[in-house]
Structure formats: C-alpha cells, structure tokens
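Before any comments, here is the structure.
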Amino acid sequence: MFEPPASGWSPPRVQRTSLYLHVPFCRNCCPYCPYTKVPYDADLVPRYTRAALAETDLWAETVGAAAVTSVYVGGGTPTLALDAVAEVLGRVRERFDLEGDVCIETNPADISAETIAGLHECGVSLVSLGVQSFRPESLHVIGRRYAPDVAERALEALAGGGFASVNADIMFALPGQTTDDVIADLEHAASLGADQLTTYPLFTFPYTSVGEYLHLRGVKMPDLTVRHEQYSAISAWCEANGFERVSVWGFKRGGVPRYSSVTRDGYIGIGPGSGSHLPDGFVLNTFDLEAWEESLEHGRSPIALRMPFEAHMDGWWWLYWRFYDTRIPMAGLDEALGGDAPKARRWLAAATAAGLVRRVNGSAELTDAGAFWLHLAQNHFALSYVNTLWTAARREPWPAQVSI
C-alpha cells in the first residue's frame with residue numbers, strides 16, 4: 003500500500019547509497035515509454051535545474067553525507083540538458099562522497115562530438131544508447147523518427163569515444179519482427195563496437211500511447227511461442243559470440259564494467275517521478291514536473307507516496323535483484339534474509355529440480371529456461387503492479403492512496 007508520508011516522517015540516515023537523477027525532457031516522446039517526460043523546451047531547463055539542486059541539498063540534509071556508490075542518469079533524454087546534469091552532479095560531489103561510476107542514457111538523434119565531450123566533462127564513464135533496432139519498419143512501430151544510419155553513427159561514435167563501457171539497447175518481439183531481424187540487430191550493434199547488449203521486449207503499458215497505437219491499428223503482438231524463440235536465439239547468439247549473460251536482459255563481452263540501470267539495493271532519487279529505496283521503505287516523487295518544482299521552491303519534499311517496508315522485506319528485495327542478475331550467491335542468503343533464508347533455499351531447490359536453476363561455484367545460477375520464465379514474471383510485474391502505481395501517479399500529482 004502506497005500512501006502520502008505520515009506527518010513527521012523523515013528519510014532515515016544512510017551510510018552508503020546509489021543515486022538516480024531523472025531528466026524529463028524529450029525532443030520526441032516515444033509512444034511506448036512509461037516514464038515521466040515532457041516535450042523539450044530550453045526555457046524549462048533553468049527552473050528544473052534549480053529544483054534538482056534544491057532536492058540534492060534536501061537529501062544531503064536528511065540522509066547525511068553518504069558514500070554514493072553509483073549514479074544513474076535517466077529520462078527522458080538527459081543529453082538535452084547536459085549543463086543541468088553537470089550542475090547537479092557537481093552538487094552531488096559537494097554534498098556526498100561520490101566514489102562510483104556515473105552512468106547515463108542517450109538517444110541516437112542527440113549524439114555528436116559536442117555531446118560526447120560534454121559527457122566526459124560530467125564525469126560519465128558508462129553510456130547506454132537506445133538503439134532499439136536498425137530496421138526502419140521496427141523504428142516506425144515504436145515511434146522513432148530517425149533513419150537507421152543515425153543510430154549506426156551514434157553507436158560508432160560512442161564506442162570510439164573513450165568510455166569505459168558502451169551498452170546498446172535492442173528490442174525484440176516487436177510486431178512484424180522476425181528472429182532473423184533480431185539477430186541481425188545484435189550482429190550490427192556488436193560490429194559497431196557495443197560492449198554490452200541489453201535486449202528487452204515491448205512493454206505495452208495501457209496508459210502509454212503505444213498501447214492505444216497498437217489497439218487502434220489492430221497490430222498483433224508476437225505470441226509466447228515467438229517470444230520464447232527470439233529470447234532463446236538471443237541467448238544462443240550471445241553465448242556463441244563472446245557475450246556473457248550478466249542479467250535477465252543483458253550480455254557483455256570482455257572485462258569492461260557492467261552497465262545496469264536497476265540493480266541497486268538502495269538509492270535516492272532526484273527529479274519528477276523518481277523513486278528512492280530507503281532502509282525503511284520505498285518512496286516516490288510526484289510525477290508532475292510543475293508540482294515537483296513548486297514543492298522544492300517552497301522548501302518542501304516532493305515525495306508523494308511511501309510504502310513502508312517490514313524488516314524482512316529488504317532481504318526479499320535483495321533476492322529479487324540477485325535473480326535479475328541471474329546469480330544468487332548462496333553464502334549471502336543468511337545475512338540478507340535471516341530467518342527467511344530456509345524458505346528461499348526450498349524455493350531454489352524446487353527451481354533446481356525443475357531445471358530453472360543450477361549450482362555453479364557456490365552460486366545458484368538461472369539456466370536459459372529459468373531466465374526466460376523470470377523475464378515473463380518481470381513482464382507481468384511491470385504490467386500489473388508498476389502499471390497500477392504509475393497510472394495513479396500520472397493521473398494526479400498527489401494521490402491519496404494506491405493499492406498494489
């Protein structure tokens with residue numbers, strides 16, 4: 003149950019955390035994207051920047067000068083407001099002990115030599131490019147308004163741009179997309195220098211315009227058989243071409259650092275619609291840009307909703323993300339889950355018997371079959387629980403209650 007924070011509640015102090023910065027501006031708002039976004043207007047950036055700086059200060063005052071183990075900058079399209087990103091990251095370095103990598107999402111249409119220089123000035127070391135596909139037909143289905151050669155040039159530029167790791171997002175199970183099409187996209191991304199490939203299907207959240215787009219045009223989504231065929235083909239191609247699985251969706255080659263947008267056990271969020279995972283629960287900022295800015299201008303927290311955690315829930319959260327990693331270190335179960343560890347071991351034993359998990363060097367690792375079924379479970383989670391929460395948060399700036 004998510005409700006507004008109780009009167010007098012304040013975020014607890016933390017020693018270590020990660021940090022997420024949400025930049026909501028988009029030049030072209032993709033119809034399948036469920037995240038908080040507004041059309042880019044340069045006049046909107048200064049007010050956003052002031053509010054983001056104020057929220058950074060507010061977090062520092064409440065949780066303390068914690069060690070920040072990683073920063074993830076997402077959106078939106080963060081590269082549209084790189085000066086704002088630089089200012090906020092500068093404030094983060096002033097108020098916290100930033101000791102980890104800075105990761106950022108990018109869009110093919112916004113990559114240039116100037117952008118790459120700006121990313122380095124921000125201290126970015128890990129970059130992800132939202133390629134999605136090199137096929138004109140697939141780009142049209144998901145509302146991308148650039149030709150494939152734009153993505154090709156962008157990926158090649160980033161791969162040669164001096165970053166520690168470059169990830170390429172590739173979508174599969176798109177309407178009209180064949181398995182050969184997906185493999186061709188992977189091959190092309192690898193040939194252009196991608197260190198990591200993150201593959202994921204189209205999440206058709208009902209409240210996104212892509213859901214309406216598909217419904218109005220009668221476009222048929224691939225069924226479970228096609229999705230399984232494409233997911234299995236992706237896994238096989240990656241294994242055969244030197245890309246090691248690092249998550250349910252991701253594969254990387256070589257010794258480069260892993261790029262990940264989500265596998266952080268604790269984090270604080272800055273920006274409209276951003277969430278924070280704190281020791282005592284999960285909180286969510288208002289999704290409304292103007293309401294978020296107005297709150298911070300008046301010295302108020304922009305947190306709209308909070309779900310307290312029972313003491314044992316934090317351990318299950320840890321286990322959830324280890325499943326996402328596809329590797330569960332068995333030695334860590336007792337520390338993370340305490341009295342619930344025997345229950346987790348029984349589940350893992352059952353999954354092993356079903357061929358979904360295998361034991362490797364002290365870890366329980368998902369098999370390809372296990373990774374596929376977890377991918378389906380996460381798809382269900384996103385379309386059920388996340389959809390319920392975000393629908394309510396998008397409907398009004400300060401929801402009274404959201405049951406999930």
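Letter by letter, the sequence shown follows residues 3 to 406 of my numbering. Even glycine gets a Cβ: it sits at the ideal position worked out from N, Cα and C.
The C-alpha of G357 is placed about 7 Å away from the C-alpha of G372. Within the DSSP secondary-structure output, I270 pairs in a beta bridge with L21.
Using a Cβ distance threshold of 9 Å, V228 and A175 count as a contacting pair.
Membership of S237 in the alpha helix (DSSP H) is indicated by the continuous run L226 to A242. In the DSSP assignment, P310 falls within the beta strand (DSSP E) that extends over I305 to P310.
Apart from sequence neighbours up to five positions away, the residues of its chain that approach W294 with a beta-carbon distance below 7 Å are A53, P274, N287, T288 and P304, ordered along the chain. Here L339 is not near F253, since their CB atoms are 9 Å or more apart. Listed in chain order, the non-local C-beta contacts of P13 below 6 Å within the same chain comprise T64, V65 and L280, local neighbours out to five positions each way being set aside.
Membership of Q134 in the beta strand (DSSP E) is indicated by the continuous run L128 to Q134. Assigned with DSSP and collapsed to three states, Y37 falls in coil, not helix or strand.
In the structure shown, S278 falls within a strand segment according to DSSP collapsed to helix, strand and coil. Counting only runs of 4+ residues, the alpha helix (DSSP H) found wholly inside the stretch 132-172 occupies 138-143 and 150-161, in chain order. Annotation: the continuous alpha helix (DSSP H) that includes T393 extends over N389 to R397. Scanning its chain for C-beta atoms nearer than 8 Å, with the 5 sequence neighbours on each side dropped, one finds around W11 the residues R308, in chain order. Excluding residues up to 5 positions away in sequence, V25, V87, I106 and E107 lie with their Cβ nearer than 7 Å to the Cβ of P80 in the same chain. Using a C-beta cut-off of 8 Å, the stretch 151-169 makes contact with the stretch 112-120, since at least three inter-stretch Cβ pairs fall below that distance. Counting C-beta pairs closer than 8 Å gives fewer than three between the stretch 132-150 and the stretch 86-100, which falls short of the contact rule.
In the three-state DSSP reduction, F383 falls in the helix class (H, G or I). Around the Cβ of I236, a 10 Å sphere holds 16 or more other Cβ atoms; the residue is buried.
Annotation note: the stretch 54-140 contains the following uninterrupted beta strand (DSSP E) runs of length 3 or greater, listed N- to C-terminal: 69-77, 99-108 and 128-134. Under the DSSP definition of a beta bridge, E5 partners with R308. With fewer than 16 other Cβ atoms inside 10 Å of its own Cβ, W349 counts as exposed.
For F284, the enclosing beta strand (DSSP E) stretches over residues G283 to N287.
Note on I406: under 16 other CB atoms within 10 angstroms of its CB, so exposed under the neighbour-count rule. Taking the C-beta atoms as reference points, L100 is found nearer than 9 Å to L91. Here A366 is near A353, since their CB atoms are less than 9 Å apart.
Closest by C-alpha distance to R361, out of T390, F383, T393 and T328, is T328.
Taking the C-beta atoms as reference points, G178 is found no nearer than 9 Å to S130.
Per DSSP, the unbroken beta strand (DSSP E) holding P331 starts and ends at R329 to P331. Secondary structure of F245 (DSSP, three-state): coil. Of the other Cβ atoms in all chains shown, 16 or more fall within 10 Å of the Cβ of G77; this residue is therefore buried. The shortest CA-to-CA distance from A191 to any of M3, Y269, E398 and M173 is the one to M173.
Assigned with DSSP and collapsed to three states, A196 falls in coil, not helix or strand. In the DSSP assignment, L368 falls within the beta strand (DSSP E) that extends over S365 to L368. Nearest Cα to Y148 within the set D112, T181 and D182: D112. In the DSSP assignment, R347 falls within the unbroken alpha helix (DSSP H) covering A343 to A355.
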